[in-house]
Amino acid sequence: MITVSFPDGSSREFEDNRSPLDVAQSIGPRLAQAALAAEVDGQMWDLSRPLPGSCTLRLLTWKDVEGREVYRHSTTHLMAQAVQALYPEARLTVGPPLEDRFYYDIDMPPVSEEDFAAIEAKMHEFAEADLPIAREEVSREQAKVLFAGDQYKLELLEDIPEGQTLTIYRQGDWFDLCRGPHMPSTGRIKAFKLLSVAGAYWRGDASNKQLQRLYGTSYPSQKELDEHLQRLEDAKARDHRKLGRELGLFMFSNDVGPGLPLWLPKGAIVRDTLERFLQKEQQRRGYLPVVTPHIGRKKLYETSGHWETYQDSMFPLMVGEDEFEQFVLKPMNCPHHIQIYKNELRSYRDLPLRLAEFGSVYRYEQSGELNGLTRVRSFTVDDSHLFVAPEQLEDEFRKVVELILFVFQKLELTDYTARVGLRDPDKFIGDIEVWEKAENAIIKAAQELGLKHTIEKGEAAFYGPKLDFIFRDVLGRQWQLGTVQVDYNLPERFGLEYIGSDGQAHRPVMIHRAPFGSLERFIGLLIEHYNGAFPLWLAPTQIKVLPIADRHADYAREVVAELTEAGFRAEFDADNSKIGAKIAIAETQKIPYMAVIGDKEIEAQSVAVRARGRHDLGAMPRADFLAKLRDEEDRGT
Ligand SMILES: [Zn+2]
Ligand SMILES: [Zn+2]
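Read left to right, the sequence shown gives residues 258 to 894 (our numbering).
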């Protein structure tokens, strides 16, 4: 008999050689049906593999990340089996599961999406045959024989350390070198689809042969798969790179360089509007503006520690007149703000000192990692550094979180959670006691503000605990937004002080915070979240005034002038096309309001108003239209 303990603390006795599937069946048929794999004493385990003895058992279902990975990895094998059935010369390399899909890099003749149907049909054939998936331990010698002539698998075998158990997984007469685990049989794979194919190099090295990277995804039901495919379609239509081009918001120039966005007038308006909104709010809350240069001496970053820990992400050094004149393009604004703190002898009466800057920073991301506005090499942080006395930390931290929540509310970002990042025991600098004090202050602030939050050990930066905001957009995708970070380390490194009420020198604590995070990334998110249809207060063009015929142009210009005078961003439509076509264009530009001008409107000194999305609001006096706009904008900001 063996004793199996469960995550809830309970335990039960079983006969020897029972598998996790047997255990699941003894608990109930539904669990046995839902179980995909298991974790036995912390180790991933096949459902049908006998338990090693008394152990702790966690059954994994679709609800578990690991369960989904096993499901998708079994689908990867199904795909590989189908590919090799259709292309016997194909050689398999590696194929890991990703967050919501999988791929396999295969050495085979180039395929296109037209070939997917045949591969999927073969996969269905093997799934319907419900082939048992069997784990088999093999010796290194046996493995070499099994994969003789397969240079990729032989190379992979070399990488596996001596002494590690080697396993292959068989389904039908097909097998693959694999760590596993897998589901018990191919019939458990219910719904799948190949998504795309791309070229990839063996081991990512362009001097190697190009392989076919086949992407696919799978779900436990056709309904869930269809929903996922619909989300992918929606995401494609909302892609900020596509909308950014269509709406004239930003561009990239190969001559300027990859990952260096150029903001076009319309995009710059969105950006400025966001900055002004936050500036105004910060002013109300006691922040002081500062402006600092984009470069600084290398020594500054040696003192801050960034040079040592962050160098890989920094642009190469700039060398000045002599070797001591070495400059760094700033990856962070903190060291500059610290110099401003140090500019004067600070007293406890100066604290908290809140310095704020929309500070541009530069990070040398790998070119392959760059992606639209979400992964760039130059970006602007709505950065602020708060210098506080230790006893002010808790209160000040709460105020920062309040500001962030206020910002989210104004931007209608409602679906978010906060993540408290606590120290990684192997990777932190400073005293455990001060860390604990700060960690407790963060958790307390999150609780007091009723913030939905998770606590994650090991997620802190090396210099202090933090609070991150994770936002879920309309498509259910997660984005990391602003961060609040406590820092006991930089004040120490730079020897920061203030004179306390006791006349003695004390060390302040720093808080780094950025509600938007990177403006580039944040606007990328907003574009996709709003599908390019910004609320009135953020829209680059708020109103387009459309004269029906030439004779209406003067009055239309008068309306534009009146709206502009009132502080709105109104545009005159000088196009010669028919009114229907003009309206259609304004719709594709996602402009919140159109004011159509014809004979009747001139006669009545009114405007015929249409709202974005084909809502005809009818004619209204100009003053009423203006009042309506003012009211909506006030509600927006
Ligand atoms: Zn595998
Ligand atoms: Zn900072």
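Heads up, the beta-carbon is just placed ideally off N, CA and C, and yes, glycines get one too.
Treat the numbers as computed from the prediction; the structure is a model and nothing was measured.
Could you round the C-beta distance between Y409 and D364 to whole angstroms and report it? I think they count as a contact, below 8 angstroms. A Cβ-Cβ distance of about 7 angstroms is found for the pair Y409 and D364, placing them in contact under the 8 angstroms criterion.
Considering just the uninterrupted stretch of the beta strand (DSSP E) at I363, what are its terminal residues? F359 to D364
Quick one, which of L531, P588, D579 and V576 has its alpha-carbon nearest Q568's? P588
If you reduce the DSSP assignment to three classes, tell me which class Q742 lands in. strand
Just to confirm, does M365 get its C-beta within under 7 angstroms of one of the non-hydrogen atoms of ligand 2? no
Does at least one heavy atom of ligand 2 sit under 7 angstroms from the Cβ of D640? yes
What do you get for P682, buried or exposed, if any count of 16 or more other CB atoms within 10 angstroms of its CB means buried? Classification of P682: exposed, given that the 10 Å Cβ count is below 16.
Burial state of F581, where buried means 16 or more other Cβ atoms lie within 10 Å: exposed
Taking buried to mean at least 16 other C-beta atoms within 10 Å of its own C-beta, is A852 buried or exposed? Buried, because 16 or more other Cβ atoms sit within 10 Å of the Cβ of A852.
C312: CB within 7 angstroms of a non-hydrogen atom of ligand 1: no
Closest residue to A525 among I780, D811 and Y787 (Cα-Cα distance): I780
Given this structure, state the Cα-to-Cα distance separating L449 from V297, to the nearest angstrom. Checking the displayed sequence, the identity of residue 449 turns out to be Phe instead of Leu. Near 28 angstroms, if we compare the C-alpha coordinates of V297 and F449.
Nearest to L335 (by Cα), restricted to the options T474, M258 and P367: T474
Mapping the DSSP letters down to three states, classify E858 as helix, strand or coil. DSSP, reduced to helix, strand and coil, places E858 within a helical segment of the structure shown.
Grab me the residues of V817's own chain with a C-beta within less than 6 angstroms of its C-beta, minus the 5 sequence neighbours each way, in chain order. V802, A827 and F829
Closest Cα partner of E382 within the set A339, Q399, P366 and K480: A339
What does a CB cutoff of less than 6 angstroms around T798 pick up in its chain, not counting 5 residues either side in sequence? Annotation for T798: R826, E828 and I848 place their beta carbon closer than 6 angstroms to its own, counting only its chain and skipping 5 residues before and after.
Assuming D640 contacts N590 under a Cβ cut-off of 8 angstroms, what Cβ separation, rounded to an integer in Å, is found between them? A Cβ-Cβ separation of about 5 angstroms places D640 in contact with N590 under the 8 angstroms criterion.
Give me whichever residues DSSP pairs with I727 in a beta bridge. According to DSSP, which records beta bridges pairwise, I727 is partnered with T674 and Q737.
Residues bridged to Y458 (per DSSP): Q467
Under the three-state DSSP convention, the category T333 falls into: Three-state result, T333: helix.
Which residues share a DSSP beta bridge with A386? None; A386 has no bridge partner.
Put R554 into one of helix, strand or coil per three-state DSSP. Residue state, collapsed to three classes: strand.
Run through DSSP, which three-state label would S641 get? Strand, per DSSP.
If we ignore side chains and look at the alpha-carbon of each, how far apart do M767 and F728 end up? 25 angstroms
For ligand 2, I want to know if N590 counts as a neighbour, meaning its beta carbon is within less than 7 angstroms of at least one of the ligand's heavy atoms. yes
Of all the options R554, K493, Q742 and P353, which has the alpha carbon lying nearest to the alpha carbon of D579? R554
Just to confirm before moving on: does the CB-CB distance between D491 and L732 stay below 8 angstroms? yes
Simplified DSSP assignment, three categories, for C591: helix
If we call anything under 8 angstroms between Cβ atoms a contact, is Y745 one with D607? Taking 8 angstroms as the cut-off, the Cβ atoms of Y745 and D607 do not count as close.
Contact set, ligand 1 heavy atom to C-beta under 6 angstroms: H330, H334, D433 and C435
Assigned secondary structure, N833 (DSSP; H/G/I helix, E/B strand, else coil): coil
Looking at the secondary structure, which residues open and close the alpha helix (DSSP H) in which E398 lies? R397 to L403
List in chain order: all unbroken beta strand (DSSP E) runs of 3+ residues lying wholly within the stretch 785-817. Taken in chain order, the complete beta strand (DSSP E) segments of 3 residues or longer contained in the stretch 785-817 are 800-804.
Measuring only the C-alpha atoms, how far is R495 from R634? Going by the C-alpha atoms only, they are around 23 angstroms apart.
CA-to-CA distance, Y812 to R620, given in whole angstroms: Near 51 angstroms, if we compare the C-alpha coordinates of Y812 and R620.
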